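Be aware that the sequence shown starts at 47, since it is given in the working numbering, and climbs by one per residue.
Take a look at the structure below.
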Amino acid sequence: MSVNANPATPRLYFDDAARLDFDAVVTAHAPFGGRPAVVLDRSAFYPESGGQLGDTGRLGDAVVEDTQCDDSGVVFHVLAAGSEAPAVGQTVRGAIDRARRRLHMALHTGQHMLSRAMVDEARAETVSSRLGATVCTLDLDAPSLDEATLLRAERLVASVIEDDLPVRQWFPDADELAALPLRRRPKVSENVRVVDVGGFDVSPCGGTHCARTSQVGTMHILGVERYKGKVRVSFLAGRSALDELRARSGSLVELGRMFTCGPHDVRPAVERLRAELKTAQESLGDVRARWAERVADDLIRRAADEGSSRVVLLLDGEGIDALRALGGRLSARPGVEVFLASRSDGALQVLVARGPGSTLDCGAWLKAAAAAHGGRGGGRPDRAEGRLPGTVDWSTLVAGGA
Ligand SMILES: [Zn+2]
Numbered sequence: 047m048s049v050n051a052n053p054a055t056p057r058l059y060f061d062d063a064a065r066l067d068f069d070a071v072v073t074a075h076a077p078f079g080g081r082p083a084v085v086l087d088r089s090a091f092y093p094e095s096g097g098q099l100g101d102t103g104r105l106g107d108a109v110v111e112d113t114q115c116d117d118s119g120v121v122f123h124v125l126a127a128g129s130e131a132p133a134v135g136q137t138v139r140g141a142i143d144r145a146r147r148r149l150h151m152a153l154h155t156g157q158h159m160l161s162r163a164m165v166d167e168a169r170a171e172t173v174s175s176r177l178g179a180t181v182c183t184l185d186l187d188a189p190s191l192d193e194a195t196l197l198r199a200e201r202l203v204a205s206v207i208e209d210d211l212p213v214r215q216w217f218p219d220a221d222e223l224a225a226l227p228l229r230r231r232p233k234v235s236e237n238v239r240v241v242d243v244g245g246f247d248v249s250p251c252g253g254t255h256c257a258r259t260s261q262v263g264t265m266h267i268l269g270v271e272r273y274k275g276k277v278r279v280s281f282l283a284g285r286s287a288l289d290e291l292r293a294r295s296g297s298l299v300e301l302g303r304m305f306t307c308g309p310h311d312v313r314p315a316v317e318r319l320r321a322e323l324k325t326a327q328e329s330l331g332d333v334r335a336r337w338a339e340r341v342a343d344d345l346i347r348r349a350a351d352e353g354s355s356r357v358v359l360l361l362d363g364e365g366i367d368a369l370r371a372l373g374g375r376l377s378a379r380p381g382v383e384v385f386l387a388s389r390s391d392g393a394l395q396v397l398v399a400r401g402p403g404s405t406l407d408c409g410a411w412l413k414a415a416a417a418a419h420g421g422r423g424g425g426r427p428d429r430a431e432g433r434l435p436g437t438v439d440w441s442t443l444v445a446g447g448a
């Protein structure tokens, strides 16, 4: 049987989004996007469209892992690998994954309310929306949105949820449609389905929605970002909002435990910690400068005793900051050539520098050393940094050996 001969699949969710079980006759086996799929004479499965993901569930024993539709409105129930398609002509029991559908209803209803709240509070129209698996977004035609506006919009939605208003979904005739205060114009001209969220928001939509606003439970704005000249608001509703807030609250409580304080005191605790870290880093810098001064003087004295302009040193466990402090002091001396290395994490952190009057090309020297020994590094003629394998014998390498 040709799929193209199928009329658009009648959608049982139009009348009742809470209907999760239904009987239908298999009319065709037709792959969708290369995946095995089944077409029915009617369906309560919502196919992915209008920014809402498709339903999952079962058709008899077969597992439906996705629902899609084509341009002519035929619904394809995409089967999971290993699921045997029920025979054409057979009557099957369709069962929709309740948690997923219930969440999509809350997200879609929450999205309508948030879109309206953004119009009311910020005169920001929704350009597009997407109800994703982990986060939902609204793209708004607005230059920016401040925290106070977001809070007002969220509170407005919360008040509509609390008011437990009925959500009506129906197909008005042309005259009724023309008289409705639609938030946005419909994308289709015939069979326009309208969703009226308790008189708060009226807009065309073919998705699945809650029967009452209280079923949304909670709607929470997660954040805003600028996106392609618009503002993208991310939000969650229903169980997903609760789960996300629970996870965030858990993280905050856990942080509080680390600081031995309550969740509300984490911020001042972090600020104190940052201030302490800054002080510690400054003291460390002072100590390092004094250390570098002493070591540099000692090294220069020894090099002078040996009649050499070359300073070679291998440290153990010092970071690049120590090498820089030391290199900076040493390379202030005219004619000096400085080769510093520190062994840490199984590698050699190295710094090569020269004093005024020296003709050593530090960058070229280190680049060649890295190429020969399998490390990386380079820099300017007067100063270079890099990493060499820990197996390199630093003094032999500097002396010109392997
Ligand atoms: Zn909707």
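Every residue, glycine too, gets a C-beta built ideally from N, C-alpha and C.
No experiment lies behind these values; they were computed from the predicted model shown.
Every unbroken beta strand (DSSP E) inside the segment 134-159 [3 residues or more] | For the segment 134-159, whole beta strand (DSSP E) runs of length 3 or above, ordered along the chain, are 137-142.
Exposure label - S377; buried when at least 16 CB within 10 Å = For the purposes of this step, residue 377 is identified with residue 331 of the sequence shown, where counting begins at 1. Its Cβ being crowded by 16 or more others within 10 Å, S377 is buried.
Compute every distance between the C-beta of G100 and the non-hydrogen atoms of ligand 1, then say whether any falls below 7 Å.
-> The sequence position of residue 100 within the sequence shown is 54, counting from 1. For ligand 1, not one heavy atom lies less than 7 Å from the Cβ of G100.
Please state if the CB of T259 and the CB of V243 are separated by a distance shorter than 8 Å.
-> As a first step, residue 243 is located in the sequence shown; it is residue number 197 there, counting from the start. As a first step, residue 259 is located in the sequence shown; it is residue number 213 there, counting from the start. Here V243 is near T259, since their CB atoms are less than 8 Å apart.
What are the boundary residues of the alpha helix (DSSP H) that includes L407?
-> Here residue 407 refers to the residue found at position 361 when the sequence shown is read from its first residue. Just to set this straight, residue 407 is Asp in the shown sequence, not Leu. Note, D407: premise wrong, no alpha helix (DSSP H); not H, not E.
Buried or exposed: A179, going by 16 or more other Cβ atoms within 10 Å of its Cβ?
-> Here the question's residue 179 lines up with position 133 in the sequence shown. A179 sits exposed, since fewer than 16 C-beta atoms from the chains shown fall within 10 Å of its C-beta.
R88 by DSSP, collapsed to three states: which one?
-> Residue 88 sits at position 42 when you count from the first residue of the sequence shown. Residue state, collapsed to three classes: coil.
Can you name, in chain order, every residue of its own chain whose Cβ lies under 8 Å from the Cβ of C408, other than the five neighbours on each side?
-> Along the sequence shown, read from residue 1 onward, the residue named residue 408 stands at position 362. Exclusion of the five residues before and after C408 leaves V398, A399, R400, G425, R426, P427, D428, R429, A430 as the residues of its chain whose Cβ lies within less than 8 Å of its Cβ.
Beta-carbon separation of A199 and A168 under 8 Å?
-> Residue numbering aside, residue 199 sits at position 153 when the sequence shown is read from its first letter. Residue numbering aside, residue 168 sits at position 122 when the sequence shown is read from its first letter. Their beta carbons are under 8 Å apart, which means A199 touches A168 by this criterion.
Is there contact between the segment 276-290 and the segment 227-239, where contact requires at least three CB pairs shorter than 8 Å?
-> Verdict: no, contact absent.
Decide if P250 is buried, meaning its Cβ has at least 16 other Cβ atoms within 10 Å, or exposed.
-> Translated into the one-based positions of the sequence shown, residue 250 becomes position 204. Counting Cβ neighbours within 10 Å, P250 comes out buried, since at least 16 surround it.
Indicate, with yes or no, if ligand 1 has a heavy atom lying under 7 Å from the CB of G253.
-> Here residue 253 refers to the residue found at position 207 when the sequence shown is read from its first residue. The nearest non-hydrogen atom of ligand 1 is less than 7 Å from the C-beta of G253.
Could you work out which residue in A126, L196, A141, L149 is closest to A70 when comparing CA atoms only?
-> Sequence index remark: in the sequence shown, residue 70 carries index 24 (1-based). Answer by Cα proximity: A141.
Taking the alpha-carbon positions, what's the V358 to L291 distance?
-> Residue 358 sits at position 312 when you count from the first residue of the sequence shown. Residue 291 sits at position 245 when you count from the first residue of the sequence shown. About 57 Å.
Can you give me the start and stop residues for the alpha helix (DSSP H) that D343 sits inside?
-> Residue mapping note: residue 343 aligns to position 297 of the sequence shown, counting from 1. Per DSSP, D343 belongs to the alpha helix (DSSP H) from 312-351.
Just to confirm, are V213 and C256 a CB contact at a threshold of 8 Å?
-> Walking along the sequence shown from the start, residue 213 turns up at place 167. Walking along the sequence shown from the start, residue 256 turns up at place 210. If you check the CB distance, V213 and C256 come in under 8 Å.
Closest to G373 by CA distance: which of G308, R334, G423 is it?
-> Locating residue 373 in the sequence shown gives position 327, counting from the first residue. In terms of Cα proximity to G373, the closest of G308, R334, G423 is R334.
Which residues in the same chain have their Cβ closer than 7 Å to the Cβ of T102, if we skip the five residues on either side of it in sequence?
-> Taking the first residue of the sequence shown as position 1, residue 102 is located at position 56. If we look at T102 and ignore the five residues flanking it on each side, its Cβ neighbours are V110, E111, D112, D143, R146.
Please name the residue in P402, S404, V396, L406 whose C-alpha comes closest to that of A416.
-> Against the sequence shown, residue 416 aligns to sequence position 370. It is V396 whose Cα lies nearest to the Cα of A416.
Local Cβ density within 10 Å of D367, reported as buried at 16 or more and exposed below that | Looking up residue 367 in the sequence shown gives position 321. Classification for D367: exposed.
Leaving aside the five residues before and after H266 along the sequence, list all residues of the same chain whose C-beta is less than 8 Å from its C-beta, in chain order.
-> On the sequence shown, position 220 is the one that residue 266 refers to. Excluding sequence neighbours, H266 sits near E200, F281, L282, A283, A287, E290, L291.
Give the DSSP-derived three-state secondary structure of T195 in the structure shown.
-> As a working mapping, residue 195 is identified with position 149 in the sequence shown. Three-state result, T195: helix.
Would the C-beta of V241 count as close to ligand 1, meaning under 7 Å from any of its heavy atoms?
-> Sequence index remark: in the sequence shown, residue 241 carries index 195 (1-based). Yes, the beta carbon of V241 sits closer than 7 Å to at least one heavy atom of ligand 1.
Give the secondary structure of R400 by DSSP, where H, G and I count as helix, E and B as strand, and everything else as coil.
-> For the purposes of this step, residue 400 is taken as residue 354 along the sequence shown, with counting starting at 1. Strand.
Taking 7 Å as the line, does the beta carbon of H154 fall inside it for any heavy atom of ligand 1?
-> Taking the sequence shown and counting its residues from 1, one reaches residue 154 at position 108. Yes, the Cβ of H154 comes within 7 Å of a heavy atom of ligand 1.
Out of H75, F91, Y92, state which residue places its alpha-carbon closest to the alpha-carbon of V84.
-> Taking the first residue of the sequence shown as position 1, residue 84 is located at position 38. It is H75 whose Cα lies nearest to the Cα of V84.
For M47, name the three-state secondary structure that DSSP assigns.
-> The sequence position of residue 47 within the sequence shown is 1, counting from 1. For M47, the pLDDT reaches just 43, beneath the cut-off of 50, and the residue's location in the model is therefore unreliable, leaving the point undetermined.
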